[in-house]
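Count along the sequence shown from 1, then add 544; that gives the number in the numbering used here. Let me begin by presenting the structure, written as structure tokens, before commenting on it.
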Amino acid sequence: SQCNTQLQNNQLLPPPHILLPSVISGTLAFYATSFSSQYVQYKLLKLSTGTRPTIIPISVGVATVAMGSWMGHLAGLGTVAAAKCTDRTSSSGRMQWNRRATP
Numbered sequence: 545s546q547c548n549t550q551l552q553n554n555q556l557l558p559p560p561h562i563l564l565p566s567v568i569s570g571t572l573a574f575y576a577t578s579f580s581s582q583y584v585q586y587k588l589l590k591l592s593t594g595t596r597p598t599i600i601p602i603s604v605g606v607a608t609v610a611m612g613s614w615m616g617h618l619a620g621l622g623t624v625a626a627a628k629c630t631d632r633t634s635s636s637g638r639m640q641w642n643r644r645a646t647p
């Protein structure tokens with residue numbers, strides 16, 4: 545059977561044991577994306593945080609934050625989905641990833 549990762553009715557956050565790993569993975573994904581983007585910007589475009597604010601540096605900065613936020617969001621969602629999937633498919637300490645329902 546497939547893992548159903550949807551949140552229950554009126555549930556805004558995942559359970560506490562899943563919340564911390566999802567926040568950590570999202571934070572790490574944001575920082576990794578932002579760092580790598582800023583590194584490429586500095587090497588290729590010679591832009592840094594000390595660059596005079598004109599439309600190009602501002603636009604590139606906005607795009608960096610947006611991309612980092614999106615990657616952090618996806619990492620958090622992936623962590624919640626994986627944790628919920630393992631919660632539902634593990635039994636007696638053993639993972640059953642490829643278990644199929646019989647007709």
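From the three backbone atoms N, C-alpha and C, an ideal C-beta is built for every residue, glycine too.
Taking all protein chains shown into account, serine 603 has fewer than 16 neighbouring C-beta atoms within 10 Å of its C-beta and is therefore exposed. Shortest Cα-Cα distance from tryptophan 614 to any of Tyr583, Ala627, Leu588 and Phe574 involves Phe574. When the Cα atoms are used, glycine 605 and isoleucine 568 turn out to be separated by approximately 23 Å. Excluding sequence positions up to five before and after proline 601, its CB lies within less than 8 Å of the CB of Leu591 and Thr595, all in the same chain and listed in chain order.
Judged by their CB atoms, serine 566 and valine 624 are nearer to each other than the 8 Å cut-off.
Secondary structure note for glycine 570: its alpha helix (DSSP H) is the uninterrupted segment 560–584.
Under the three-state reduction of DSSP output, threonine 623 falls in the helix class.
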